[in-house]
């Protein structure tokens, strides 16, 4: 395996509070490990409640001036951030691949989408229209949209740049200030973005970043009355905890949580397109994606042909270090492999059959990394854990169905409701199935359901609130009503 230069580009490893890069008071650090080879690539400063409170105060103090900044100036600054991200896309992508593992081409795509998030938010800020409501004589009923204040953002490890920009771009564009807590496994991409903030001229205190104990920092953020908005992407369990912890301070909350996406292939579907899209969606970031297809429902009439085509293409995927020319990188941690093995054992013990993959990759190229063979699992039923448990890894479970209503019922048999997909050429079916699926997002003959312009989010245990589009901007504003009476 020929690996490109693996050294980490220069990037900050300290906390960024009130415009300064600082160590935590306890001087503790955390190792950041490359999941492709187990090597420590950086040591990151750690914060506790004290530093988190300092970051909250800095954001609170910076808020009045940032909120009243001329909109044109704020828009220009955000475009400058986007320009710098695009100029440094190759470097930012390498940082992301080294800390997270995904193939370099996926990392670069994530960086460029992040830049686009800033561009969209900057321009959409120009369209946060208020309104004037018809009123009695000598009155004006005025509705204004204003920033909320200090926003706490907590982001996950699987998209260490994309999730940061998806939250920070609209929050900053609408005039809020930020305290960001990135994942402890992958903070380098966020730190590199904050270096760009500094270079672009973002005023001190407007954006702050703290790394450290999720429990301590999370509790400090949720307990603070100065933090008026919390946005979180991660597991349903952690989201529920943060929701409960925020109750006493009555924050505005948006939660993008777990998913368990159905992928339905009807008998009249374009089979080749469905297979190709499934492979792209399932193995992107090695299946470590909240919108990844996790239950594949295939019509009985085409099951044999679909399965044969799928397995042949999956077996051609190349797995390896994300810096090399590969389709699939490593899993983030060792325990991710343990979870997959446990799910597969439970399924095969109950009658499922592994058609390809189903084991860890070994050998000199893989021994030090968290690599797993792309897997296709057949004969999956509701009696198996994998039918109901989210799989964060490279496993395609196949489930057969006999009619449309059965496919819809099985697809909706989940506590999650984030993303869903189905393939058909029947326009009447598109309308029926699209309306019937209990998910916040539906891809009909398409897997691209995340765009800067379109709302992203779920229902049920997948959370609430939306990111992207003008819906995402609304998450970071509050509405004020002014009743003006004209008097002599």
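Residue numbers (the UniProt record's numbering): 1 to 488.
We put the CB at the ideal spot given by N, CA and C, even for glycine.
### Task
State the DSSP-derived secondary structure class of residue 3, mapped to helix, strand or coil.
On the chain shown, residue 3 is found 3 positions in, with the first residue counted as 1. Interpretation of residue 3 is limited by its pLDDT of 42, a score under 50 that renders its predicted location unreliable; no figure is taken from the coordinates.
### Query
Which of helix, strand or coil does DSSP assign to residue 66?
Translated into the one-based positions of the chain shown, residue 66 becomes position 66. DSSP places residue 66 in helix when its eight states are reduced to three.
### Task
Have a look at 442, 450, 292, 362 and flag the residue whose alpha-carbon is nearest the alpha-carbon of residue 397.
For the purposes of this step, residue 397 is taken as residue 397 along the chain shown, with counting starting at 1. The candidate whose alpha carbon is nearest that of residue 397 is 292.
### Query
What residues are listed by DSSP as bridge partners for residue 295?
Sequence index remark: in the chain shown, residue 295 carries index 295 (1-based). When DSSP reads this structure, residue 295 sits in a beta bridge with 262.
### Query
Can you name the residues that DSSP bridges to residue 375?
Here the question's residue 375 lines up with position 375 in the chain shown. Residue 375 is bridged to 395.
### Query
Which two residues bound the contiguous alpha helix (DSSP H) that contains residue 146?
Here residue 146 corresponds to residue number 146 of the chain shown, with the count starting at 1. Under the DSSP assignment, residue 146 falls outside any alpha helix (DSSP H), being part of the beta strand (DSSP E) whose first and last residues are 139-147.
### Complete runs of the alpha helix (DSSP H) confined to the region 42-99 [at least 4 residues]
Runs found: 49-67, 71-87.
### Task
Could you check which residue in 384, 419, 464, 268 has the C-alpha nearest to that of residue 428?
If you number the chain shown from 1, residue 428 lands on position 428. Checking every option, the nearest Cα to that of residue 428 belongs to 268.
### Task
Report the partner residues of residue 467 according to the DSSP bridge assignment.
As a working mapping, residue 467 is identified with position 467 in the chain shown. For residue 467, DSSP records a beta bridge to 456.
### Message
Quick check on residue 250: buried or exposed, where buried means 16 or more other Cβ atoms within 10 Å of its Cβ?
### Response
The count along the chain shown starts at 1 and reaches residue 250 at position 250. Label assigned to residue 250: exposed.
### Contacts around residue 299, its chain only, beta-carbon distance under 7 Å, and the 5 residues preceding and following it disregarded
Here the question's residue 299 lines up with position 299 in the chain shown. 265, 266, 267, 401, listed in sequence order.
### Query
Looking at the structure shown, is residue 360 part of a helix, part of a strand, or coil, going by DSSP?
The count along the chain shown starts at 1 and reaches residue 360 at position 360. Residue 360 sits in a strand when the DSSP states are folded into three classes.
### Query
Taking DSSP as the reference, what is the three-state secondary structure of residue 23?
Your numbering for residue 23 matches position 23 in the chain shown. Looking at residue 23 - three-state DSSP - the assignment turns out to be coil, as it is neither helix nor strand.
### Identified DSSP bridge partners for residue 417
Locating residue 417 in the chain shown gives position 417, counting from the first residue. Under DSSP, the beta-bridge partners assigned to residue 417 are 459.
### Query
Based on the DSSP secondary-structure assignment, which residues constitute the bridge partners of residue 256?
What you label residue 256 is simply residue 256 of the chain shown in a count that begins at 1. Residue 256 is bridged to 233, 463.
### Query
What number of angstroms, rounded off, separates the C-alpha of residue 4 from the C-alpha of residue 324?
Taking the first residue of the chain shown as 1, we reach residue 4 at position 4. Taking the first residue of the chain shown as 1, we reach residue 324 at position 324. Since pLDDT at residue 4 reaches only 49, below the 50 mark, its modelled position is unreliable, and the value read off the structure follows with that caveat. Using only the alpha carbons, I get a separation of about 6 Å.
### Query
Is residue 388 near residue 417, with beta carbons less than 7 Å apart?
Translated into the one-based positions of the chain shown, residue 388 becomes position 388. Translated into the one-based positions of the chain shown, residue 417 becomes position 417. Contact annotation: residue 388 and residue 417 have beta-carbon atoms that are not nearer than 7 Å.
### Query
alpha helix (DSSP H) containing residue 312: first to last residue?
Counted from its first residue, the chain shown places residue 312 at position 312. Boundaries of the alpha helix (DSSP H) around residue 312: 303-314.
#### Entry: Proximity of residue 469 and residue 454 at Cβ, strictly below 7 Å
Taking the chain shown and counting its residues from 1, one reaches residue 469 at position 469. Taking the chain shown and counting its residues from 1, one reaches residue 454 at position 454. Contact flag set, yes.
### Message
Tell me the DSSP secondary structure of residue 14 in three-state form.
### Response
By 1-based counting over the chain shown, the position of residue 14 is 14. Correct three-state label for residue 14: coil.
### Query
Contact check, residue 190 vs residue 164 under 8 Å by CB: the rounded distance?
The sequence position of residue 190 within the chain shown is 190, counting from 1. The sequence position of residue 164 within the chain shown is 164, counting from 1. For residue 190 against residue 164, the beta-carbon gap comes to about 5 Å, under 8 Å, which counts as contact.
### Query
In the DSSP assignment, what residue or residues form a beta bridge with residue 443?
As a working note, residue 443 is residue 443 in the chain shown. Residue 443 is bridged to 421.
### Task
Can you say whether residue 38 is buried or exposed, counting buried as having 16 or more other CB atoms within 10 angstroms of its CB?
Position 38 of the chain shown, counted from the first residue, corresponds to residue 38. Residue 38 comes out exposed.
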